[in-house]
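Some notes on the structure that comes next.
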Amino acid sequence: MRLLASLSLVASVCAGSIPAQEFTTLKGHGGPIMGLDAAPSGQVASASFDNSAALWAGRLPQWLEGHDAAVTAVSFAGAGRLVTGGDDFALRLWMPDGTSQVLGLHKGKVRGLAVSPDGQMLASASWDGSVGIWSLETGSLQRMIDLGSGVNDVAYGGESMVFAATMDGRILGIDPAGKSAPRPMVEQGFSVNRLVVDAEAGWLAYGAVDGATRVIDLETAAEVADFTLDRRPVLAMDYHAATGQLAVGDGHGYIMMIATGNTGERWRIARDFRAARKGPIWALAFSPDGDIVWAGGLDDVIYGWPVALMGTFDPAMGQEHSFLRPADSMPNGERQFMRKCSICHALTEGESRKAGPTLYALFGRRAGSLPGYRYSPVLDGSDIIWNDETIDALFDLGPDHYIPGSKMPMQRITAAEDRRDLVAFLKHATQPEK
Ligand code: HEC
97 MRLLASLSLV
107 ASVCAGSIPA
117 QEFTTLKGHG
127 GPIMGLDAAP
137 SGQVASASFD
147 NSAALWAGRL
157 PQWLEGHDAA
167 VTAVSFAGAG
177 RLVTGGDDFA
187 LRLWMPDGTS
197 QVLGLHKGKV
207 RGLAVSPDGQ
217 MLASASWDGS
227 VGIWSLETGS
237 LQRMIDLGSG
247 VNDVAYGGES
257 MVFAATMDGR
267 ILGIDPAGKS
277 APRPMVEQGF
287 SVNRLVVDAE
297 AGWLAYGAVD
307 GATRVIDLET
317 AAEVADFTLD
327 RRPVLAMDYH
337 AATGQLAVGD
347 GHGYIMMIAT
357 GNTGERWRIA
367 RDFRAARKGP
377 IWALAFSPDG
387 DIVWAGGLDD
397 VIYGWPVALM
407 GTFDPAMGQE
417 HSFLRPADSM
427 PNGERQFMRK
437 CSICHALTEG
447 ESRKAGPTLY
457 ALFGRRAGSL
467 PGYRYSPVLD
477 GSDIIWNDET
487 IDALFDLGPD
497 HYIPGSKMPM
507 QRITAAEDRR
517 DLVAFLKHAT
527 QPEK
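For the sequence shown, position 420 matches number 516 in this note's numbering, and the numbering has no gaps at all.
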């Protein structure tokens, strides 16, 4: 249990001598942050691995529940509306009162969203290999454009052009009206994860798995600038047109701030600093005035970095994630749990915001019986009782074989002693407090 207490401390970032109001953290999600957006009003929306999205009024979250898997992308859509996409293949449209409807479904995980400049249309990127074009007015699919490879991101360049980045390393210009064939612009060789476009200035910036961070001319596709640093997969990007700032987040937790050519400055790296002590930056969003960059990643916390303070202090201030403690300093059972389960399961009593139910008081509990948790139908009606044997079997066979149709990820623990140690750890760590 002590272990859990320190896990929740991970969120309590200390800003040193900097006044608290200048460095903001938004806390409450129960899993990594996969997507962020900021509205013109300054309101922040987040998408998380914990299956929920949140709308933040100051530091208070309004939870948006509806997806059946990790929420990976979020975008404000005007008129107080919000669009989200998830690993459940669904796109959801949220109304100002917090209700939502499924706008449509892809055949694979949704990875990126873009709302057209006039707020009428939505483009969605999916690992099913297509870009969806949706009307936000009528809530209907206009067309699916097949690109033949998983699509990681989309961006509008004006009303009549959409750009898409694919897993096989291409960037294509797409006519959202479907009148002309997709125009290949870049063949990068490695998966292109993120892109941003400034149609007025005539450039597109992209970041790829191999660390490629380049800017190209929208018309000719000729290279304008290259900020590639070899150490990083690029995982997040956002752009603030009025101040000409481009933010790039990577797999090592760095945020690179690029001064774009738009503000009279030449293309150059303005700042480059480590914003997360451990783990990647998966999501970035500028505040409306461009003074703050909201950043999210493996921590369940959203960090609001004042651009002026970036790199002047260490956000973690010496605190380590307990689940990233040196693995050999942990007993094997705890290590198994930390590595394979802790991202989705709490061990403490009461509601957690993680993707799976808390395992508190697991032993002797009927499967699917925790009040308040939305189980899949197969677990709901299950007569499995959780004990040494059934938990062992769950990971000996794998959830996909032991409880086919459950929301649990496919995962086996093949070594019998690892399963035994995990069960022993769980038995101790999930014991109800008397
Ligand atoms: C990616 C997220 C994820 C990971 C990782 C994960 N689980 Fe789960 N787990 C879930 C979800 C979601 C459910 C609910 C399944 C359902 O409703 O079908 C669940 C259900 C369970 C249940 C049944 C609980 C109940 O109340 O009936 C047990 C037991 C369990 N998980 C144990 C584990 C253990 C042990 C590990 C690590 C070896 C693990 N899980 C890893 C997401 C995860």
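From the three backbone atoms N, C-alpha and C, an ideal C-beta is built for every residue, glycine too.
On a predicted model such as this, the values are computed, not experimentally measured, just so you know.
Taken atom to atom, the span from the alpha-carbon of L187 to that of M130 is near 15 angstroms. Under the DSSP assignment, E445 falls outside any beta strand (DSSP E); it carries neither an H nor an E label. In this structure, R515 lies near D492, with their beta-carbon atoms less than 8 angstroms apart. If you draw a 10 Å sphere on the C-beta of S137, you find fewer than 16 other C-beta atoms in it, and that means exposed.
Burial state of E161 is exposed, judged by a 10 Å Cβ sphere holding fewer than 16 other Cβ atoms.
Assigned with DSSP and collapsed to three states, L405 falls in helix.
A heavy atom of ligand 1 is found nearer than 7 angstroms to the CB of I509.
8 angstroms or more divides the Cβ of V250 from the Cβ of A297. For ligand 1, a non-hydrogen atom lies closer than 7 angstroms to the CB of F491.
For Q432, the secondary structure class from DSSP, reduced to helix, strand or coil, is helix. Just so you know, the alpha carbons of A489 and W223 end up roughly 32 angstroms apart.
Around the beta carbon of S236, a 10 Å sphere encloses fewer than 16 other beta carbons of the protein chains shown; the residue is thus reported as exposed. Beta-bridge partners assigned by DSSP to P157: W152.
According to DSSP, I398 shares a beta bridge with L122 and G392. DSSP places L243 in the coil class of the three-state scheme, outside both helix and strand. When the Cα atoms are used, A318 and G429 turn out to be separated by approximately 54 angstroms. Of R279, D294 and A301, the smallest CA-CA separation from V288 is found for A301. Where I480 is concerned, there is no enclosing beta strand (DSSP E), because DSSP gives it neither an H nor an E. Taking the Cβ of I439 as the reference point, at least one heavy atom of ligand 1 falls within a distance shorter than 7 angstroms. For the pair G392 and L132, the Cα-to-Cα distance works out to about 8 angstroms. When DSSP reads this structure, Y252 sits in a beta bridge with V258.
Between the alpha carbons of R279 and A261 lies a gap of roughly 12 angstroms. Here Q432 is buried. Its C-beta has 16 or more other C-beta atoms within 10 Å. Exclusion of the five residues before and after K450 leaves G126, G127, D146, I439, C440, H441 and A442 as the residues of its chain whose Cβ lies within less than 8 angstroms of its Cβ.
Annotation: the continuous beta strand (DSSP E) that includes E283 extends over R279 to E283. With respect to the 8 angstroms criterion, A371 and I377 are classified as neighbours on the basis of their beta carbons. About 5 angstroms separates the beta carbon of I351 from that of G345, a gap short enough to meet the 8 angstroms contact definition. Taking 7 angstroms as the cut-off, the C-beta of R461 counts as close to a heavy atom of ligand 1.
Residue pairing from DSSP leaves D517 without any beta-bridge partner.
The shortest CA-to-CA distance from H348 to any of R435, H336 and R328 is the one to R328.
Rounded to whole angstroms, D214 and A135 show a C-alpha spacing of 15 angstroms.
The continuous beta strand (DSSP E) containing E319 extends over residues E319 to D322.
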